[in-house]
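The listed protein sequences derive, respectively, from chains A and B.
For what it's worth, our numbering labels the leading residue of the first sequence as 1, then goes sequentially.
For what it's worth, our numbering labels the leading residue of the second sequence as 1001, then goes sequentially.
For each residue, glycine too, the CB sits at the ideal point set by N, CA and C.
Below is one structure; the comments refer to it alone.
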Amino acid sequence: MAMEVVAARARKGREGRREARQRWLPPVLLAVLLLAIPVAAGMGAAHLPLWMLGQAAAGVQPLSPDQHEILFSIRLPRILAAILVGSGLSVSGLLFQGLFRNPLADPYVIGSSGGALLGASLGVFLLPAVSIAGFGTTALLAFAGAAGSIALVYWLAMADGKTPVVALLLAGFAVSTMLSYSSYFLEVMDNSFGAGMHVLSSWLHGTIVQPGWDQLCIVAVMIVIGIGGSVPLARTLNTLALGEEYAMHLGISVQRTRIAVILIGSLLTAAAVSLGGLISFTGLIVPHILRMVLGPDHVRLLPATALAGALFLLLADTAARTVVAPAELPVGVLTAFIGGPFFLYLLRKARQEVAL
Amino acid sequence: MTPLLEFLRIGFGYGKRTLFNDLDARIVADDCIALVGPNGVGKTTLLRLAAGTLAPECGDVLLKRRSLRSLKQREIARSIAFVPQHVEVSFPFTVEQFVEQGRTPFLRIFGGLGAEDRRAVERALELTDTASLRSRVYNQLSGGERQRVKIALGLAQQPQLLLLDEPMQNLDIGRQFEMVDLIRRLRREGLAILASMHDLSMIEGVFSTVWLLAPDEQMRQGPPREILHPQVLEDAFNCPPRHRPRLVEHTRNRSEIAI
């Protein structure tokens, strides 16, 4: 009897802690993110310490023209790009995991990044990426590529309303490889000049290229629309976790949900890929860690995932451009180093829980 | 009494195999019906037709005199709850979060559960005696616990008709008696119940009516004593004749246990 009371109390304590985490995590993440921005802005070859930025912001001592240039044309665009890319990849990972009913789904793993890359490469070769119209077209083609490839993988891997892990990974691997290497083919076809080639190679490595403010605006709009569109889907994904037939019985339109998730997830992937290229595993790690902290409720996971994804990639990209300075690592290399072992660990765990 | 649910000359089959032909049946408010029949005869299919997740090829299913075809699934799910045999949840949802899904047909796109939704969930947990499980992870529950939690999800829909697909499946004898008590309690709450039953021994004393499906025959309906007769069962289930004495014993003895 006493044991039961103790156990009940312990459970209540756990619940209370989880509830507290659910309430406090999003504002805490937001605060840390806002704090990380000026810190990251100060880091790099030219050091801009916080007090200097603070003085400039307070109007005590303005920055020199060089420092101003570094801050507003190089550092801040790069930081915002990392935030947008991280948010987009993480939220699309969360959506795809909910749709596939599989915690191993990730825009990179299931090939939607590859599709977006091929679409974006086509855009680059058709139109110069630097113009707004060119970048807009690039982003649009990336969206089409991502949506097409995810629909293909879903169709290939689906059996009885479920996507078995092996089928999902194999279909994703095959589609992703085909599409990524098709981009190389375009590279060979492009004999005009090196600009497209440079963009393409940075995409394939997963480098966040130095974006212009107009590009950032386009991507920001895509990300905001994507995250906003995910809000009504979050609760539907909770119901979908019971299985498609049951969700249908409860009045969820499964077909419409599927299309909405594919479109919105692809929009987010495309936005992220058109700035950062193939950045692996971010969409896998971030939602997974948050699920361990907050539980599986998508309504709670969505805002936390958007913020944590932004923070994760901002930290990763800042590390990528500073650890081997003056050289730079593609941030994709870093996320692969962190995410690869993590992915394998999850795969191992999934194998123990359910027979593949 | 106005019927809750009516099957009007239903026809349905998969491909060339016809399961139902001109099937007529009705469920009224305080019916408690056991649906029995051999494997593959279409028990689950009939439940799906009743839940509106399958549409009949011909004929019509009426909910309170309105065709299910003319109703949205959301509207149907507010009157009829279907409790499937197996539910696999892809993420570690807690029992409470699981049962909350029963409010889905009542919720708008934006906005979460209101006070009335909370009350319905609490009532469902209370009726099924699962309130103590609320913070456990559904996937880690035992078979008996899962069965009751699934029924709690159905009750959270505040239905008038509860469709149970094999509620006794994989339960040990103690949990079977628990389920019998639960079904009796739900009858007292005024719910109509249609449950497919694999095990015939638990039917008498719990269910008021038995529907017997047999291959290539019209469905038979009647009180348990009439339908659970060895001769009738032998034909419907195609039992080898030499097992007849055991069939007699089976129906007689087990029904005593249940009462």
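Under the three-state DSSP convention, the category residue i falls into
{"i": "B/Ile-1160", "result": "Reading the sequence as shown, one finds Gln at residue 1160 of chain B and not Ile. DSSP places B/Gln-1160 in coil when its eight states are reduced to three."}
{"i": "A/Val-199", "result": "helix"}
{"i": "B/Phe-1091", "result": "coil"}
{"i": "B/Asp-1235", "result": "helix"}
{"i": "B/Asp-1165", "result": "strand"}
{"i": "A/Ala-142", "result": "helix"}
{"i": "B/Arg-1017", "result": "strand"}
{"i": "B/Glu-1006", "result": "strand"}
{"i": "B/Val-1083", "result": "strand"}
{"i": "B/Arg-1242", "result": "helix"}
{"i": "B/Gln-1221", "result": "strand"}
{"i": "B/Val-1137", "result": "strand"}
{"i": "B/Ile-1027", "result": "strand"}
{"i": "A/Ala-20", "result": "helix"}
{"i": "A/Asp-214", "result": "helix"}
{"i": "B/Asp-1216", "result": "coil"}
{"i": "A/Ala-46", "result": "coil"}
{"i": "A/Ala-159", "result": "strand"}
{"i": "A/Asp-66", "result": "helix"}
{"i": "B/Ser-1255", "result": "The pLDDT assigned to B/Ser-1255 is 46, lower than 50, so where the model puts this residue is not dependable; a value taken from the coordinates is nonetheless given after this. If DSSP states are grouped into helix, strand and coil, B/Ser-1255 belongs with the helices."}
{"i": "B/Asp-1129", "result": "coil"}
{"i": "A/Asp-317", "result": "helix"}
{"i": "B/Asp-1022", "result": "strand"}
{"i": "B/Ile-1227", "result": "helix"}
Selected residue, minimal CA-CA separation from residue i, among the options
{"i": "A/Leu-95", "options": "A/Gly-136, A/Leu-268, A/Leu-346", "result": "A/Leu-268"}
{"i": "B/Leu-957", "options": "B/Leu-1008, B/Met-1202, B/Arg-1017", "result": "It is not possible to answer for residue 957 of chain B, since the shown part of chain B is limited to 1001 through 1259."}
{"i": "B/Val-1121", "options": "B/Val-1095, B/Asp-1172, B/Leu-1046", "result": "B/Val-1095"}
{"i": "A/Thr-239", "options": "A/Asp-297, A/Gly-172, A/Ala-57", "result": "A/Asp-297"}
{"i": "A/Val-219", "options": "A/Ile-259, A/His-249, A/Ser-266", "result": "A/Ser-266"}
{"i": "A/Thr-282", "options": "A/Ser-90, A/Val-165, A/Leu-126, A/Ala-144", "result": "A/Ser-90"}
{"i": "A/Ala-241", "options": "B/Gly-1011, B/Ser-1090, B/Phe-1207", "result": "B/Ser-1090"}
{"i": "A/Gln-255", "options": "A/Leu-233, A/Ala-270, A/Leu-50", "result": "A/Leu-233"}
{"i": "B/Leu-983", "options": "B/Ile-1173, B/Asp-1172, B/Leu-1182", "result": "Here chain B has residues from 1001 to 1259 only, and residue 983 of chain B is not among them."}
{"i": "A/Gly-44", "options": "A/Val-231, A/Arg-321, A/Pro-103", "result": "A/Arg-321"}
{"i": "B/Ala-1236", "options": "B/Glu-1006, B/Leu-1035, B/Ala-1077, B/Asp-1022", "result": "B/Leu-1035"}
{"i": "A/Pro-211", "options": "A/Leu-76, A/Gly-54, A/His-68", "result": "A/Leu-76"}
{"i": "B/Cys-1058", "options": "B/Ile-1033, B/Asn-1021, B/Glu-1088", "result": "B/Asn-1021"}
{"i": "B/Arg-1184", "options": "B/Leu-1127, B/Met-1219, B/Arg-1118", "result": "B/Leu-1127"}
{"i": "A/Ala-82", "options": "A/Leu-168, A/Leu-307, A/Gly-115, A/Arg-17", "result": "A/Leu-307"}
{"i": "B/Ile-1227", "options": "B/Arg-1242, B/Ser-1201, B/His-1243, B/Glu-1088", "result": "B/Ser-1201"}
{"i": "B/Leu-1113", "options": "B/Lys-1072, B/Glu-1100, B/Arg-1123", "result": "B/Glu-1100"}
{"i": "A/Ile-289", "options": "A/Ile-279, A/Ala-270, A/Leu-278, A/Gly-309", "result": "A/Gly-309"}
Chain B within 8 Å of residue i, Cβ atoms only
{"i": "A/Ile-252", "result": "yes"}
{"i": "A/Ser-73", "result": "no"}
{"i": "A/Gly-243", "result": "yes"}
{"i": "A/Leu-346", "result": "no"}
{"i": "A/Met-158", "result": "no"}
{"i": "A/Gly-172", "result": "no"}
{"i": "A/Asp-106", "result": "no"}
{"i": "A/Met-222", "result": "no"}
{"i": "A/His-249", "result": "yes"}
{"i": "A/Arg-23", "result": "no"}
{"i": "A/Arg-101", "result": "yes"}
{"i": "A/Tyr-246", "result": "yes"}
Residue-level contact to chain A via CB, residue i, 8 Å cutoff
{"i": "B/Ser-1090", "result": "yes"}
{"i": "B/Ile-1109", "result": "yes"}
{"i": "B/Pro-1167", "result": "no"}
{"i": "B/Arg-1074", "result": "yes"}
{"i": "B/Gln-1101", "result": "yes"}
{"i": "B/Phe-1082", "result": "yes"}
{"i": "B/Ala-1077", "result": "yes"}
{"i": "B/Thr-1209", "result": "no"}
{"i": "B/Gln-1221", "result": "no"}
{"i": "B/Pro-1224", "result": "no"}
Bridge partner(s) assigned by DSSP for residue i
{"i": "B/Cys-1058", "result": "B/Gly-1011"}
{"i": "B/Arg-1066", "result": "B/Leu-1063"}
{"i": "B/Leu-1194", "result": "B/Ile-1033, B/Leu-1163"}
{"i": "B/Thr-1209", "result": "B/Ile-1033"}
{"i": "B/Ile-1203", "result": "None; B/Ile-1203 has no bridge partner."}
Whole-angstrom C-beta distance between residue j and residue i, which should lie under 8 Å
{"i": "B/Gly-1154", "j": "B/Gly-1102", "result": "7 Å"}
{"i": "A/Ser-92", "j": "A/Pro-107", "result": "5 Å"}
{"i": "B/Ser-1196", "j": "B/Leu-1004", "result": "Actually they are not in contact, since the Cβ atoms of B/Ser-1196 and B/Leu-1004 sit about 18 Å apart, beyond 8 Å."}
{"i": "A/Arg-348", "j": "A/Gln-22", "result": "Not confirmed; about 29 Å, so no contact."}
{"i": "A/Gly-123", "j": "A/Leu-141", "result": "4 Å"}
{"i": "A/Leu-237", "j": "A/Gly-88", "result": "With a Cβ gap of about 17 Å, A/Leu-237 and A/Gly-88 do not count as contacting."}
Contact test: residue i Cβ vs the ligand MG heavy atom, cutoff 7 Å
{"i": "A/Ala-146", "result": "Here there are no bound small molecules, and the ligand MG is not part of this structure."}
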